[in-house]
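Worksheet: the structure to be examined is printed underneath.
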Amino acid sequence: MFAALIRPATAADIPQLVSRFESYMGETYDAPWRGSAEALERDALGQRCTLYVAVNRDARVCGFLGWTPSYDLHHCLPGAEVADLYVGPEARGGGLALALSCHVAEAVARSGGRYLKGGAVERGTGRRLYRKLAVCWPDGDCYVGGRSFRRMAELAGQPMRAMVRGLPPIAWNYEA
17 MFAALIRPAT AADIPQLVSR FESYMGETYD APWRGSAEAL ERDALGQRCT LYVAVNRDAR
77 VCGFLGWTPS YDLHHCLPGA EVADLYVGPE ARGGGLALAL SCHVAEAVAR SGGRYLKGGA
137 VERGTGRRLY RKLAVCWPDG DCYVGGRSFR RMAELAGQPM RAMVRGLPPI AWNYEA
């Protein structure tokens, strides 16, 4: 398993995040990233959205998950929407996408949130993770809520093997 520290991004991470966003956009969309370091620092450190990063032993950012608060009017519940999730090629297969997701679930739960929602692009690897633990609709939208969401939050910070073994069944999404 790939060892990494998961934490909220800081201003010191911005140069590496710029490089990661450029890679992500090129790999996923065959398009250049049109953001800027200034906008990331201004908006993505908790002002308009929050970025969590996976940092390896060499202090290199090897992945990120960006999210914003959300509200489900159908169920009158607070939660969060995952905007982007990316793990660099050198760190894939080690569970970092799961670790990032669990840490964000924990942060959302601490703030009173009760679900995570997001989508996975057709070319990305996120669909495999989402289909293991989320309710996914044909349009690609996926939701983790109920008991499943709480279990994800509990798994944050656990050893990777425990996270994988502790993944909730999809049916838990339907349990309050």
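If you use this note's numbering, the sequence shown corresponds to residues 17 to 192, in order. Cβ atoms here follow ideal geometry from the backbone N, Cα and C, with glycine treated the same way. In this text, all values refer to a predicted model and were calculated from it rather than measured experimentally.
Whole angstroms is fine: what's the gap from residue i's alpha carbon to residue j's?
| i | j | result |
| --- | --- | --- |
| Gly134 | Asp74 | 30 Å |
| Met176 | Pro48 | 33 Å |
| Glu122 | Arg50 | 30 Å |
| Arg108 | Val71 | 13 Å |
| Leu112 | Arg147 | 16 Å |
| Phe80 | Leu114 | 11 Å |
| Trp188 | Val160 | 9 Å |
| Glu38 | Ile30 | 12 Å |
Should residue i go down as buried or exposed, given a rule of 16 or more other Cβ atoms within 10 Å for buried?
| i | result |
| --- | --- |
| His91 | exposed |
| Ala19 | exposed |
| Ala178 | exposed |
| Ala150 | buried |
| Asp155 | exposed |
| Trp83 | buried |
| Leu89 | exposed |
| Arg166 | buried |
| Leu132 | buried |
What first and last residue would you give for the alpha helix (DSSP H) that runs through residue i?
| i | result |
| --- | --- |
| Cys118 | Leu112 to Arg126 |
| Tyr40 | Ile30 to Tyr45 |
| Arg177 | Met176 to Arg181 |
| Leu56 | Ala53 to Asp59 |
Rounded C-beta distance between residue i and residue j? I'm assuming under 8 Å.
| i | j | result |
| --- | --- | --- |
| Pro94 | Arg130 | 6 Å |
| Tyr68 | Arg36 | Incorrect: roughly 12 Å between the Cβ atoms, too far for contact. |
| Val34 | Ala53 | 5 Å |
| Ala125 | Ala169 | 4 Å |
| Val103 | Cys78 | 7 Å |
Between which two residues does the beta strand (DSSP E) containing residue i stretch?
| i | result |
| --- | --- |
| Glu97 | Leu93 to Val103 |
| Asp157 | Asp157 to Gly161 |
| Leu21 | Leu21 to Pro24 |
| Asp88 | Val77 to Asp88 |
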